[in-house]
Each structure stands twice: as C-alpha cells, then as structure tokens.
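Residue numbers (this note's numbering), protein chains in the order written: chain C, 1 to 116; chain U, 117 to 229. Remarks on the structure that follows.
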Amino acid sequence: GAVVSQHPSWVICKSGTSVKIECRSLDFQATTMFWYRQFPKQSLMLMATSNEGSKATYEQGVEKDKFLINHASLTLSTLTVTSAHPEDSSFYICSARGGRGGYEQYFGPGTRLTVT
Amino acid sequence: GNSVTQMEGPVTLSEEAFLTINCTYTATGYPSLFWYVQYPGEGLQLLLKATKADDKGSNKGFEATYRKETTSFHLEKGSVQVSDSAVYFCALRPSGGYQKVTFGIGTKLQVIP
Numbered sequence: 001g002a003v004v005s006q007h008p009s010w011v012i013c014k015s016g017t018s019v020k021i022e023c024r025s026l027d028f029q030a031t032t033m034f035w036y037r038q039f040p041k042q043s044l045m046l047m048a049t050s051n052e053g054s055k056a057t058y059e060q061g062v063e064k065d066k067f068l069i070n071h072a073s074l075t076l077s078t079l080t081v082t083s084a085h086p087e088d089s090s091f092y093i094c095s096a097r098g099g100r101g102g103y104e105q106y107f108g109p110g111t112r113l114t115v116t
Numbered sequence: 117g118n119s120v121t122q123m124e125g126p127v128t129l130s131e132e133a134f135l136t137i138n139c140t141y142t143a144t145g146y147p148s149l150f151w152y153v154q155y156p157g158e159g160l161q162l163l164l165k166a167t168k169a170d171d172k173g174s175n176k177g178f179e180a181t182y183r184k185e186t187t188s189f190h191l192e193k194g195s196v197q198v199s200d201s202a203v204y205f206c207a208l209r210p211s212g213g214y215q216k217v218t219f220g221i222g223t224k225l226q227v228i229p
C-alpha cells in the first residue's frame, strides 16, 4: 500500500517550452502533496505544498508563476514548469500524505527533467 | 529552526564491512526521525523510523536509535552489501501533527566487492 507514481520518469524539452509532471497516489487519497527539487549531490528542497482543492503554498524563493501546481483531486497533483530554461533541469520528486498513513509522507520515484 | 546534519560522503566500504552514518538534529520537542534511501535514478524510500526517545528503528539489517540526550540518530549496519550502495538521507518531522519533513544533505555510500 501507499504507492505514489510519477509520470513521466524522464523528459527532455526545449528551452522556452512548458512541461507537465504528474504525481498520483495509487491506493490512497492524498489530502496533501509535496513537490521537491533535488540538485545533483544535494538534498531535497521543498518547493511547495498543496492541499486538494486549494492553492498551493510555495516556499520562499520559489516562483509560483514558473512552477504551477494543481491538486485538483485526491489522487492527482501536477507540476507544470513554464517557459523552461536549462537551469530548471533537475530531479523533481513528489510526495503524498493522507489516508491511513496519517502523518507519513510517501515519495514518488522522481522525474528527471532536462531542458536543452 | 529545525535542521538535520549528517556526515558528508562519499563513504566507500568493502563488502561485509560495518557501516555507520552519523546524523544529528536540531528541533524542539520530540520530532520523529527517519532514514530514507535513494537508489541511483530512483526516488526516496523510507528505510526506518523512530518516533520517540530510545526507540530503535530497524529494517533490512539497518538500525538507528533515537538518542534524545545527544540529539542523534546514527544509521548502522553490521555487514554491508554491494546492493546497499545508495544515498542515505536522515530526516526529521517536528512533533505536533502535520508538519513538514526536513532532510539532511544525504550521504552517498559505495560498497565495493
């Protein structure tokens, strides 16, 4: 139980285009989802927290207009990187919390984004 | 604020060697403590956790004991295998309900045959 999936697992896009990453909780209802960014050889940086049906709360320094987060249902959250640039290349990981897991966060496998 | 400090890697060990990865934390009250493991190209998996002082978390031969007096949660394994090669993250979640998890920087472990 408590499986979180992400799609795609990797994506390459051209500079200036937008790319959408999906995060799904497969066997539980995720009342809260988190989006992290991981730079090479560094820890996870929390980008934003979203609760189902409400606007995401972004961490300081994260551009909300660039990283659009939607949490429209209890099993799906999306992160859209708009007008991507090479510096947006990174590993993006989502995490979900809810259901019987209580406070626990369950992590997705991550999405590798490369902007050329 | 809350923080997690763990030893910087990489840590290189021979197969069957003893492993210790140090982790200390700063937080008020009694946070829950975690170790996550990230295999190459994958997301994080929960390895073990402890929710109160003196608790010992264990999984797959790994152990860590919640030491309130030293604010530590060191990860140990008696005999590592090549398949244990990964990045290990120490993390904490403050007490008091739905709080955010704070991660350490991660320690890369490489086990050589």
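The beta-carbon is built from N, C-alpha and C at its ideal position, and this holds for glycine as well. Computed from a prediction, not measured in an experiment: that's the story for all the values here.
Name, please, each residue of chain U whose Cβ falls closer than 8 Å to the Cβ of Phe28/C.
-> Within 8 Å Cβ-Cβ: nothing; Phe28/C doesn't reach chain U, min ~15 Å.
Taking 8 Å as the CB-CB cut-off, is Leu44/C touching chain U?
-> yes
Determine the chain C residues that contact Leu225/U at a beta-carbon separation under 9 Å, and present them in chain order.
-> Residues of chain C passing the Cβ test: none, with the nearest at roughly 14 Å.
So with Cβ pairs under 8 Å, would you call Ile93/C a contact of chain U?
-> So yes, Ile93/C belongs to the interface.
Of all the CB atoms in chain U, is at least one closer than 8 Å to the CB of Gln60/C?
-> Taking CB atoms only, Gln60/C has no neighbour in chain U less than 8 Å away.
List, in order along the chain, the chain C residues whose C-beta lies closer than 7 Å to that of Tyr204/U?
-> Result: empty, since nearest Cβ-Cβ is about 11 Å, beyond 7 Å.
From what residue to what residue does the beta strand (DSSP E) around Met33/C run?
-> Ala30 to Gln38
Indicate the three-state DSSP secondary structure (helix, strand or coil) for Ser54/C in the structure shown.
-> Correct three-state label for Ser54/C: coil.
Among residues of its own chain, excluding the 5 on either side of Gln226/U, which ones have a beta-carbon nearer than 6 Å to its beta-carbon?
-> Pro126, Thr128 and Ser201
When the cut-off is 8 Å and only beta carbons count, does Gly108/C lie next to chain U?
-> yes
Is Tyr152/U closer than 8 Å to Leu163/U when the C-beta atoms are compared?
-> Yes, they are a contact pair.
Given that Met164/U touches chain C, what residues does it touch there, using C-beta distances under 8 Å?
-> The question names Met, but residue 164/U is Leu in the sequence shown. Simply none; closest approach about 13 Å.
Indicate whether at least one CB of chain C lies closer than 8 Å to the CB of Arg183/U.
-> Taking Cβ atoms only, chain C never reaches closer than 8 Å to Arg183/U, which makes this a no.
Check whether the region 20-38 of chain C touches the region 95-105 of chain C, counting contact only when three or more Cβ pairs, one atom from each stretch, lie closer than 8 Å.
-> Judged by Cβ distances under 8 Å, the region 20-38 of chain C makes contact with the region 95-105 of chain C, as three or more pairs qualify.
Flag Ser199/U as yes when its Cβ comes closer than 7 Å to any non-hydrogen atom of the ligand SAH, and as no otherwise.
-> The model depicted lacks the ligand SAH and carries no ligand whatsoever.
Enumerate in chain order the residues of its own chain whose CB-to-CB distance from Gln38/C is below 8 Å, with the five nearest sequence positions on each side excluded.
-> Correct list, in chain order: Leu44, Met45, Ser90, Phe91, Tyr92, Ile93 and Gly110.
Val196/U in three-state terms, based on DSSP | coil
Please say whether Lys172/U and Tyr146/U have beta carbons closer to each other than 8 Å?
-> no
How would you label Asp117/C, buried or exposed, when you count the other beta carbons within 10 angstroms and need 16 or more for buried?
-> As shown, chain C starts at 1 and ends at 116. That puts residue 117/C outside it, with no answer to give.
Distance, Cα to Cα, Tyr182/U vs Ala2/C?
-> 25 Å
Residue interval of the beta strand (DSSP E) (run including Gly98/C) | In the DSSP annotation of this structure, the continuous segment of the beta strand (DSSP E) that includes Gly98/C starts and ends at Ser90 to Gly98.
Counting only beta-carbon atoms, is Val217/U nearer than 8 Å to chain C?
-> yes
In whole angstroms, what separates the C-alpha of Trp10/C from that of Glu185/U?
-> Whole-angstrom Cα-Cα distance: 43 Å.
Taking Cβ positions, are Met123/U and Thr223/U nearer each other than 8 Å?
-> Contact flag set, yes.
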